[in-house]
Amino acid sequence: MLKIENLHATVGDTEILRGLSLEIGAGEVHAIMGPNGAGKSTLAYVLGGRPGYEVTAGSVTFDGEDMLALDPHERAAAGLFLGFQYPVEIPGVSNVQFLREALNSQRAARGEEPLTGGEFLKLAKEKAGLLRMDMEMLKRAVNVGFSGGEKKRAEMVHMGILDPKLAVLDETDSGLDIDALKVVGEGINAIMRAPGKAVLLITHYQRLLDYVQPDKVHILSKGRIVKSGGPELAIELEREGYEAAVAA
Ligand code: ADP
Ligand code: MG
Ligand code: MG
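Residue 461 in our numbering sits at position 113 of the sequence shown, with consecutive numbering throughout.
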């Protein structure tokens, strides 16, 4: 589904991604772990097409198509979802307005009919329920006044509504208490654990992986993947730290 080959990317004048290769098949969950500053968020932004993140070499294909040739909104319509490490606040725009607009513009790009207001609200209620989020919160402005944990849960409601093929989730577990972590983990499984879908989970901690079990775990260091393994690699990392795991 996603094939990244020898990806090099710069931010400003600094090369951050330095020959990153990764392949994720449909139905798979991959985790990327790595120390601060390794380039994890940069990878997420490059996949999303954030301005200022320049790809200088390598390729990314999504369902066989050159993803780097698409604008961010085209990537989203093709089925890419990005969960942000630091979700932005959008004063004056409610979650409901924002999501209905986003969903219907993606549907239009795919040649699908828009959802009516009633259909949309029914869908939103169902997905909010999965994440134990009150509909009243979705009527409030996007992330404004939300706690760190509420922002992360709201991101997962967005994901549920947009129903992507590939979700790249950047530290979705950070800022969550133990109960919220379980709700979010179960939400990710309910929304994304399906044969035609895939997830790239970026995380510092093994704990989310207790709920969302990865098929593969990769260590990112200095802009490239230095080690890959199964779920046991995450446990080893937690126990020994990055330096020891990379050296082993
Ligand atoms: P991670 O998510 O793994 O902690 P990031 O991708 O956020 O790492 O950052 C990787 C490196 O890129 C860091 O050294 C960071 O300081 C640098 N970096 C990130 N954004 C910018 C930017 N806008 N300008 C310059 N350097 C940046
Ligand atoms: Mg970081
Ligand atoms: Mg980061």
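Ideal Cβ positions, reconstructed from N, Cα and C, are used throughout, including at glycine.
Check your understanding: Which residues bound the alpha helix (DSSP H) around residue 482?
Key -> Boundaries for residue 482: no alpha helix (DSSP H) harbours it, and the DSSP string shows neither H nor E there.
Thinking residue 551 and residue 525 are a contact (beta carbons under 8 angstroms), I'd like their distance in whole angstroms, please. No, residue 551 and residue 525 are not in contact; Cβ-Cβ is about 16 angstroms, not under 8 angstroms.
**OP:** Flag this pair as yes or no: are the beta carbons of residue 567 and residue 594 separated by less than 8 angstroms?
**Re:** In terms of Cβ geometry, residue 567 and residue 594 form a close pair [threshold 8 angstroms].
When every heavy atom of ligand 1 is checked, does at least one fall within less than 7 angstroms of the C-beta of residue 373? For ligand 1, no non-hydrogen atom lies closer than 7 angstroms to the CB of residue 373.
Tell me whether residue 389 counts as near ligand 3, meaning its Cβ is closer than 7 angstroms to at least one heavy atom of that ligand. At a cut-off of 7 angstroms, the beta-carbon of residue 389 counts as near ligand 3: some heavy atom of the ligand is closer than that.
beta-carbon residue 444 near ligand 1 non-hydrogen atom, thresh 7 angstroms: Residue 444 Cβ: outside cutoff for every heavy atom of ligand 1.
#### Entry: residue 349 vs residue 410 beta-carbon contact at 8 angstroms
With a cutoff of 8 angstroms on beta-carbon distance, residue 349 and residue 410 are scored as near each other.
**Asked** Out of curiosity, what's the CA-to-CA distance linking residue 442 and residue 501?
**Response** Between residue 442 and residue 501, the C-alpha separation is close to 16 angstroms.
Self-check item: C-alpha gap between residue 466 and residue 459, whole angstroms
Solution: Straight-line Cα distance between these residues: approximately 20 angstroms.
Extent of the continuous alpha helix (DSSP H) to which residue 527 belongs:
For residue 527, the enclosing alpha helix (DSSP H) has its first and last residue at 526-540.
Practice item. Apply the 10 Å Cβ neighbour rule to residue 620 and answer buried if 16 or more other Cβ atoms are within range, or exposed otherwise. Key: The shown model of the chain, from 349 to 596, leaves out residue 620, and the question about it has no answer.
In angstroms with no decimal places, state the Cα-to-Cα distance between residue 590 and residue 382. Distance between residue 590 and residue 382, taken at the CA atoms: about 7 angstroms.
message = For residue 393, tell me which candidate among 379, 414, 405, 364 has the shortest Cα-Cα distance.
response = Selected option, being the one with the closest Cα: 364.
Of the listed residues 555, 579, 570, nearest to residue 563 (C-alpha basis):
In terms of Cα proximity to residue 563, the closest of 555, 579, 570 is 579.
- Task: Can you tell me which of the three DSSP states residue 570 falls into?
- Result: When secondary structure is reduced to three states using DSSP, residue 570 falls in the coil class, being assigned neither helix nor strand.
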